[in-house]
Structures are given as C-alpha cells and as structure tokens.
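K.L.:
Anchor point for the sequence shown: position 76 equals 60 in the working numbering, and the numbering is continuous, going up by one each time.
Glycine included, each C-beta is placed from N, C-alpha and C at the ideal position.
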Amino acid sequence: MSPMDLQTKNKYQTLHLGQIMGDILPPKTILSLEGDLGSGKTIFVKGLALGLHIAQKITSPTFALVQIYSGKLDLTHADLYRLKEKEILEMGLEDYWRSPLFSPSWILAIEWGDKADAILPTLEKSISIFHLRFRILSKYSRNINIEGPKRWLNKIQTSWQKS
Ligand SMILES: Nc1ncnc2c1ncn2[C@@H]1O[C@H](COP(=O)(O)OP(=O)(O)OP(=O)(O)O)[C@@H](O)[C@H]1O
Ligand SMILES: [Mg+2]
C-alpha cells in the first residue's frame, strides 16, 4: 500500500476520476471515502457509476443507508455519516466479503468509511481496499489522497495523466 495524491480543479475532474476508477477497478473492491462535508465524495461516486455503465441516477443514501445499482459490476453506495457505531456494526456490510453466497461482482463505495474501519477486512487477498481522503483546498479545488494496492494505483495514475 503506497499513497498517491491527485488534485482536481472542479467537480467534473472529480467526476472523471471516479469514472476512471469505475472503468478499471476489479470486482470485490471496497472504496472507503473519507473527508469533510462537501469535499466531493458523492460526486466521485457519480463518476464511479459512469465508469461502471450504471444508467440510474445516483442519489445520496444518507437516509436509505445503502443503495444498490447494477452495471458492469454492482455498485453498493453507503453513507455512514448519520450512523452510530452500533448501527454500522448491524448493517451487515461484512456479508460482502464474508458470505460465500454473495455474487462476487460487487464494488462497495462507503462515504465516511473511516467510521467502518473496525470492520473492514485487512489482509484478504481476494479483496482490494482503497482509502480515498478528500480535502478541500479552495472553493473549486480538492486534494484526493488515494491509498490502495500498488498495481491498481499505477493504472489509475496512468489513466489520470493521459486524460
Ligand atoms: N473539485 C471539486 N470536486 C468535487 N466537488 C467540488 C469540486 N469543486 C467544487 N465542488 C462542489 O463541492 C460539492 C461536493 O459535494 P458532494 O456532495 O460530492 O460532497 P460530499 O463529500 O459527498 O459531502 P457529504 O459529506 O455531505 O456527503 C458540490 O457542491 C460540488 O459542486
Ligand atoms: Mg456525500
């Protein structure tokens, strides 16, 4: 795991980063999206949906807890902002990586994912985990720190530089 930093200058660039990642990330991927209110986590997920060829509109799952969309891979979008630790433990997010009955073609994007740190798997080889930390630099610019398996970070960086 080695981190990388990207800067986006407007929301379309953040959307584009999501699209790049949706396009290249493998099944059984967890994206923990961390960072301040309004820093771009939901915009990123909208981009992810574009990259996954999801036609439905992404809405914030703050009240629905999770929303599931089908595309090239099935995207589950969770937002833990309003949830207490106990509620997070009871959500059953672990089914994704624990239950053998689950279809493996999933990608899980968790806003405020740092609140689920205690339950996220750590050393499971078949699962790719990324931490994306969003930081507001100014009205329209964001720093996005991405930590994850090096092989995929390299691919993301290559696509990002080309675009
Ligand atoms: N470079 C940028 N990347 C992403 N969003 C940007 C950028 N510049 C400005 N914005 C604006 O910042 C806001 C980001 O909102 P978004 O809902 O994606 O944040 P969030 O991190 O999901 O917040 P919350 O924690 O409330 O869920 C939008 O209003 C968007 O237009
Ligand atoms: Mg959000």
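1. Spell out whether any CB of chain D is found under 8 Å from the CB atom of residue 25.
2. Applying the 10 Å Cβ sphere with the 16-neighbour rule, what's the burial state of residue 19?
3. Using only the heavy atoms of ligand 2, determine whether one of them is closer than 7 Å to the beta carbon of residue 20.
4. What three-state label does DSSP hand residue 19 in the structure shown?
5. Could you check how far apart the C-beta atoms of residue -9 and residue 138 are, in whole angstroms? I think they sit under 8 Å.
6. Measuring CB atoms only, is the segment 70 to 88 touching the segment 96 to 106, in the sense that at least three cross pairs come out at less than 8 Å?
7. Please say whether residue 25 and residue 71 have beta carbons closer to each other than 8 Å?
8. Is it the case that the Cβ atoms of residue 12 and residue 36 are separated by a distance below 8 Å?
9. Taking 8 Å as the threshold (C-beta atoms), are residue -11 and residue 129 in contact?
10. So who's on the other strand from residue 95, going by DSSP bridges?
11. Within its chain, find whatever has a CB closer than 6 Å to the CB of residue 73; leave out the 5 residues flanking it on each side and keep chain order.
12. Taking the alpha carbon of residue 89 as the reference point, which residue from 62, 143, 147, 112 has its own alpha carbon closest?
P.N.:
To lay it out plainly:
1. The structure shown contains no chain D, having only a single protein chain.
2. Translated into the one-based positions of the sequence shown, residue 19 becomes position 35. Under this definition residue 19 is a buried residue.
3. Mapped onto the sequence shown, residue 20 falls at position 36. Incorrect: residue 20 has no Cβ contact closer than 7 Å to ligand 2.
4. To locate residue 19, count along the sequence shown from 1; it is residue 35. In this structure, residue 19 counts as strand in the three-state DSSP scheme.
5. In the sequence shown, the residue the question calls residue -9 occupies position 7. In the sequence shown, the residue the question calls residue 138 occupies position 154. Going by Cβ atoms, the distance from residue -9 to residue 138 rounds to 18 Å, so no, they are not a contact pair.
6. yes
7. For the purposes of this step, residue 71 is taken as residue 87 along the sequence shown, with counting starting at 1. For the purposes of this step, residue 25 is taken as residue 41 along the sequence shown, with counting starting at 1. The answer is no: Cβ separation not under 8 Å.
8. Your numbering for residue 12 matches position 28 in the sequence shown. Your numbering for residue 36 matches position 52 in the sequence shown. Contact: no.
9. Taking the sequence shown and counting its residues from 1, one reaches residue 129 at position 145. Taking the sequence shown and counting its residues from 1, one reaches residue -11 at position 5. Yes, they are a contact pair.
10. Along the sequence shown, one-based indexing puts residue 95 at 111. Beta-bridge pairing links residue 95 to 17, 63.
11. Residue 73 sits at position 89 when you count from the first residue of the sequence shown. Closer than 6 Å at Cβ, skipping near neighbours: no residue.
12. Numbered from its first residue, the sequence shown carries residue 89 at position 105. If we check each option's Cα against that of residue 89, 112 comes out closest.
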